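J.: Below is the structure I would like to discuss, written out as structure tokens.
There are 2 protein chains.
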Amino acid sequence: MKQVKEYIAQNQERFLEELFELLRIPSISAQSDHKPDMIRCAEWLRQSLLAAGADRAEVMPTAGNPVVYGEKIIDRSKPTVLVYGHYDVMPVDPVDEWKSDPFEPVIKDNRIWCRGADDDKGQSFMHVKAFEAMVRTGTLPCNVKFMLEGEEEIGSASLYKWCEENRQMLSSDIILVSDTSLIGWDTPSITCGLRGLTYMQVEVTGPNKDLHSGLYGGAVANPANVLAKLIAGLTDEKGRITIPGFYDGVRELSAEERTDFNKAPFDLERYKQALDIDEIEGEEGYTTIERTGVRPSLDVNGIWGGYTGEGTKTIIPGKASAKISMRLVPGQDWVRIGELFKAHIEKIAPKSVKVKVETLHGGAPYVTPSDLPAYQAAVRAMETTFGKKPLPYYSGGSIPIISAFERILGVKSILMGFGLDCDAIHSPNESYGLDNFFRGIETLPYFYRYFSDNK
Amino acid sequence: MKQVKEYIAQNQERFLEELFELLRIPSISAQSDHKPDMIRCAEWLRQSLLAAGADRAEVMPTAGNPVVYGEKIIDRSKPTVLVYGHYDVMPVDPVDEWKSDPFEPVIKDNRIWCRGADDDKGQSFMHVKAFEAMVRTGTLPCNVKFMLEGEEEIGSASLYKWCEENRQMLSSDIILVSDTSLIGWDTPSITCGLRGLTYMQVEVTGPNKDLHSGLYGGAVANPANVLAKLIAGLTDEKGRITIPGFYDGVRELSAEERTDFNKAPFDLERYKQALDIDEIEGEEGYTTIERTGVRPSLDVNGIWGGYTGEGTKTIIPGKASAKISMRLVPGQDWVRIGELFKAHIEKIAPKSVKVKVETLHGGAPYVTPSDLPAYQAAVRAMETTFGKKPLPYYSGGSIPIISAFERILGVKSILMGFGLDCDAIHSPNESYGLDNFFRGIETLPYFYRYFSDNK
């Protein structure tokens, strides 16, 4: 593996220049005016795969944003790794909280600052460059396929159908993904569990127009007050979610499992300090690691209604809305949870308003078994470059498509991410460590080697 | 009074053209970028008062928007009417709900459609034209003073001090105001009660940035969820406000008063139909007329936090905010209510967030006694032009400055407004009936006559 390491060292500067080109494309999937940027980004990646050594690379259309597919087949009798990543990024608002242009990468404090620097352009691009390094040094030990989608941040809507239509082309032995974080730079980890997600939107409509709050105040239901009551009622004073049936199927950990689970290092004071909060808050009777790893949650992601400008306006808003999402754990079906949520809101809403409840997107929870050979290969690869055995980690996040891969393609995934919590993905001032980027490129070829040897 | 009526008839078209010029000035006091429009509007009114026959008219600076003062003194031994009105208007958002340009008046269905058509440019301008008609026909029976302010919609902040500094200049026997509505075109009324107002803003801050709702969901307090709980807790299931001390000093009506009070015509089915709602909602044990007339209320006027754009964004917002106002009745002190609100929110907020609570503006409730000679003059004037004796009306709205006039200037006010509920003041598509506008101009000179005769 010496040649690979040297190749990476010799090409560091070019790798960064290329990544910066990719980062400059504002590929925000949630906002339809960025549609041309999605196409541009996909085409850029197609060329990048060809330049890295792919035999074939295509921008494949879907009903939404295209999927970039690429492959290099060296020998059909050898195993095949299917790399998954996404080139779409989150919106950048509130824009005024960014310390530099969200789409002009800058290097500062040994980090790359830009939307997508980590999630997931930075992490996906590590795979392209690791692939290039193996191809150019003649060390690629197996077949490689890439699928890079443009809708992960909005629920991967088109990828499900695309996978179903391309089952044959996507045949593989393992799916390899870098879209997660390490517990810490000194505590490498591999994500073995992901929470599922059900993302809802609730719209409460009262009077047919904004009303004068003096002339009508006290006599007519205010949709914003009603929405607040509906949201407040979704959790109780113990931090439990009150939707009937919500916890059906959720398994409680055994005492032994809990002990193991809480072995991951966690420093509450540093956690609070990093977030600038005086107290944490969550479901009674669980630790923070359990609350995000194995317990479901419910969060308002956005809320709006009435006058939100400067000064005052004395109105009863005609409408108020909220985006509310729930993280799910094994045993919970995301579609069913959406139905329960909708039925519950419709039941508890007063007759003085109309409510509209819709599911925007979602996905099932996922678990990687620790006895999977590919998981063992990933453990060895990280142990080699980090000098420490990585811990299994149960992330609170969701990559809804991962459980679908198993269902549609019949293939398990390895979630070997190199991000850190401080990368502030989804927030203003996202960043990715230069060390993380290059350590990732260096680690991946070891995975290919150990995985192929094992097969 | 025949000459006055003829003069109005002969000048109808010009009166409207002038009003349209006034309406075209987008004098939104809540938005600081409209500052130049405020100045322009004040200067326009100054010239309009001089043209109507004032001896003197000035644009008088304040710390905020200027006050337009004008007067015509015919004889110091005669009584003096002080006309109050405001030239500032409410913001126009949501702009896309307007059927025509908010600042380009159009006449349709015998109504003037424009922001400010009623509140309060249309109603204030009736006074200028009624004054002109009396001056030009030699029938003005007393002295007249005008004060037209530019901050009513944002709490009249500068007018309090301006009144204190100009007490002598403003000496008068009665203050006459048209900034309220009739119960209906067939049910004329004079507003005898106004609710007070305390307008608050609450900001809930959690983590120091937006967080990924997967990685942190369930473990960290979500400011939007907390805000919803805080708001939900401000009212109970009987529609009562739960802030300790809130109802102290609020007097319950006697059985007899309630009977009288509920004599005003009210058609619940028409009310619901006009607002497009299936059920009304309010404090248990009170009628709709009581709920808006003599009971306090609490409304969210605006709420915002997190991602409110198209699609989805999986974040825990770092902040969430709401504008919340309370309408008050006699016995409640608006400053004290603001303090109680702040103390209550600070007490019930969990330690997992920080809250900032501020009073944006407010004003005291007001009542006009029905045995006041000026009130009797107003009743006779309206009876003359409407052919029906007007009812006393307790409006749910607030004109905070009215109670301050009594405190600072020692003078009572008559609230003789000519608007209708359907005028949609403060909403998109505000309008004012042409009949209302001209009936107002016709009625006001009768008030001057009867009031001067009585004195």
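For the protein sequence lines, the chains are A and B, in the order given. Be aware that the first sequence starts at 227, since it is given in my numbering, and climbs by one per residue. Be aware that the second sequence starts at 227, since it is given in my numbering, and climbs by one per residue. Using N, Cα and C, we set each Cβ at its ideal position, and we do this for glycine too. Computed from a predicted model, the values in this text were never measured in an experiment.
(1) When the distance is taken between beta carbons, is G459 of chain A closer than 7 angstroms to A447 of chain A?
(2) With distances taken from CA atoms, which of A:E656, A:I667 and A:L670 is nearest R337 of chain A?
(3) Mapping the DSSP letters down to three states, classify A280 of chain B as helix, strand or coil.
(4) Closer than 7 angstroms, Cβ to Cβ, to anything on chain A: give me those residues from the segment 494-509 of chain B, in chain order.
(5) When you compare the CB of L441 of chain A with every CB in chain B, is at least one pair closer than 7 angstroms?
(6) Under 7 angstroms between C-beta atoms, does N434 of chain A make it to chain B?
(7) Taking 7 angstroms as the CB-CB limit, is A187 of chain B close to chain A?
(8) Could you give the DSSP three-state label for I254 of chain A: helix, strand or coil?
(9) Once you ignore the five residues that flank A283 of chain A on each side, which residues in its own chain have a CB closer than 6 angstroms to its CB?
(10) I'd like to know whether the C-beta atoms of T610 of chain B and Y672 of chain B end up nearer to each other than 7 angstroms.
(11) Using 8 angstroms for Cβ pairs, my map puts P626 of chain B next to G422 of chain B. What's the rounded Cβ distance?
(12) Please report how far the alpha carbon of K464 of chain A lies from the alpha carbon of I574 of chain B, in whole angstroms.
(13) Quick check on this structure: which residue in B:K387, B:I251, B:E572 and B:G622 has the alpha carbon closest to the alpha carbon of G342 of chain B?
(14) With A630 of chain A and Y313 of chain A assumed to form a contact (beta carbons below 8 angstroms), what rounded beta-carbon distance in angstroms separates them?
(15) Using 8 angstroms for Cβ pairs, my map puts L420 of chain A next to S621 of chain A. What's the rounded Cβ distance?
(16) Buried or exposed for V307 of chain B, going by 16 or more other Cβ atoms inside 10 Å?
(17) To the nearest angstrom, how far is it from the Cα of T538 of chain A to the Cα of E243 of chain A?
(18) In chain A, which residues lie less than 9 angstroms from W530 of chain B when you measure between Cβ atoms?
(19) Less than 7 angstroms between the beta carbons of V428 of chain A and A548 of chain A, yes or no?
(20) How many angstroms separate the CA atom of G535 of chain A from the CA atom of K304 of chain B?
(21) Listed in chain order, which residues of the segment 594-627 of chain B have Cβ atoms closer than 8 angstroms to some Cβ of chain A?
(22) To the nearest angstrom, how far is it from the Cα of H652 of chain A to the Cα of K498 of chain B?
(23) In chain order, which continuous runs of the alpha helix (DSSP H) of length 4 or greater are located wholly inside the segment 592-659 of chain B?
(24) CA-CA distance, L598 of chain B and L456 of chain A?
(25) Are the beta-carbon atoms belonging to A590 of chain B and L453 of chain B less than 7 angstroms from one another?
(26) What ranges does the beta strand (DSSP E) occupy inside the segment 293-381 of chain B, keeping only unbroken runs of at least 3 residues that lie completely in it?
(27) Starting from the N-terminal side, write out each stretch of the alpha helix (DSSP H) that is 4 residues or longer and does not extend beyond the segment 423-473 of chain A.
(28) With three or more C-beta pairs closer than 8 angstroms as the rule, is the segment 349-359 of chain B touching the segment 399-408 of chain B?
(29) Please report the Cβ distance between V579 of chain B and I571 of chain B, rounded to the nearest whole angstrom; I am assuming they are in contact, meaning their Cβ atoms lie under 8 angstroms.
(30) Quick one, which of B:A289, B:P367, B:G311 and B:K334 has its alpha-carbon nearest K298 of chain B's?
(31) Skipping 5 residues on each side, what residues in its chain have a beta carbon closer than 7 angstroms to that of V476 of chain B?
(32) Does DSSP put M395 of chain B in a helix, a strand or coil?
(33) Buried or exposed for S624 of chain A, please, with buried defined as at least 16 other CB atoms from any protein chain shown within 10 angstroms of its CB.
(34) Residues in the segment 642-660 of chain A with C-beta within 9 angstroms of chain B's C-beta atoms, listed in sequence order?
(35) Would you grab the beta carbon distance between D502 of chain A and N451 of chain B for me? Rounded to a whole angstrom, and I think it's under 8 angstroms.
(36) Should G613 of chain B be labelled buried (16 or more other beta-carbon atoms within 10 Å of its own) or exposed?
T.: Well, looking at it:
(1) In this structure, the beta-carbon distance from A447 of chain A to G459 of chain A does not fall below 7 angstroms.
(2) For the options A:E656, A:I667 and A:L670, the alpha carbon positioned closest to that of R337 of chain A is the one of A:E656.
(3) Here A280 of chain B carries a coil assignment [DSSP, helix/strand/coil].
(4) Those residues of the segment 494-509 of chain B placed with their C-beta closer than 7 angstroms to a C-beta in chain A are L501, D502, I503, D504, E505, I506, E507, G508 and E509, ordered along the chain.
(5) Using beta-carbon distances, L441 of chain A counts as an interface residue toward chain B, with a partner under 7 angstroms.
(6) Residue contact with chain B for N434 of chain A: present (Cβ-Cβ distance below 7 angstroms to some residue of chain B).
(7) Past the edges of chain B, shown from 227 to 681, lies residue 187 of chain B, and the structure says nothing about it.
(8) Annotated three-state conformation of I254 of chain A is strand, per DSSP.
(9) Cβ neighbours of A283 of chain A within its own chain (closer than 6 angstroms, five residues either side excluded): R272, L275, L276 and G296.
(10) For T610 of chain B and Y672 of chain B, yes; Cβs fall inside 7 angstroms.
(11) For a cut-off of 8 angstroms, the C-beta gap from P626 of chain B to G422 of chain B is around 7 angstroms, short enough to register as a contact.
(12) If I take the Cα positions, the gap works out to 16 angstroms.
(13) Residue B:I251 is the option with its Cα nearest to G342 of chain B.
(14) With a Cβ gap of about 19 angstroms, A630 of chain A and Y313 of chain A do not count as contacting.
(15) The Cβ separation is near 6 angstroms, so the contact holds.
(16) So V307 of chain B ends up on the buried side.
(17) Answer to the nearest angstrom: the Cα atoms are 49 angstroms apart.
(18) Going along chain A in sequence order, the residues near W530 of chain B (Cβ under 9 angstroms) are G528, I529, W530, G531, G532 and T534.
(19) In terms of Cβ geometry, V428 of chain A and A548 of chain A form a close pair [threshold 7 angstroms].
(20) Going by the C-alpha atoms only, they are around 47 angstroms apart.
(21) For the segment 594-627 of chain B, which is checked against every Cβ of chain A, the residues closer than 8 angstroms are S621, G622, G623 and S624.
(22) Between H652 of chain A and K498 of chain B, the C-alpha separation is close to 44 angstroms.
(23) For the segment 592-659 of chain B, whole alpha helix (DSSP H) runs of length 4 or above, ordered along the chain, are 599-612 and 627-635.
(24) If I take the Cα positions, the gap works out to 48 angstroms.
(25) 7 angstroms or more divides the Cβ of A590 of chain B from the Cβ of L453 of chain B.
(26) Qualifying beta strand (DSSP E) stretches, in chain order: 293-298, 306-312, 332-334, 337-339 and 369-375.
(27) As summarised for the segment 423-473 of chain A, the continuous alpha helix (DSSP H) elements at least 4 residues long and confined to that stretch are 439-442 and 449-458, given in chain order.
(28) Cβ pair count under 8 angstroms is three or more, so yes.
(29) With 8 angstroms as the limit, V579 of chain B and I571 of chain B do not qualify as a contact, their Cβ atoms being about 11 angstroms apart.
(30) Ranked by how close their Cα comes to the Cα of K298 of chain B, the residues B:A289, B:P367, B:G311 and B:K334 have B:P367 in first place.
(31) Within the same chain, and ignoring the five residues on either side of V476 of chain B in sequence, the residues whose Cβ sits closer than 7 angstroms to its Cβ are P522, V555, G557 and Q558.
(32) Assignment of M395 of chain B by DSSP, reduced to helix, strand and coil, places it in the coil class.
(33) S624 of chain A is buried by the Cβ-count criterion.
(34) Along the segment 642-660 of chain A, the positions whose C-beta sits under 9 angstroms from a C-beta of chain B are D647, A650, I651, H652, S653, P654 and N655, read in chain order.
(35) In this structure, D502 of chain A and N451 of chain B do not form a Cβ contact; the two beta carbons are roughly 18 angstroms apart against a cut-off of 8 angstroms.
(36) With fewer than 16 other Cβ atoms within 10 Å, it is exposed.
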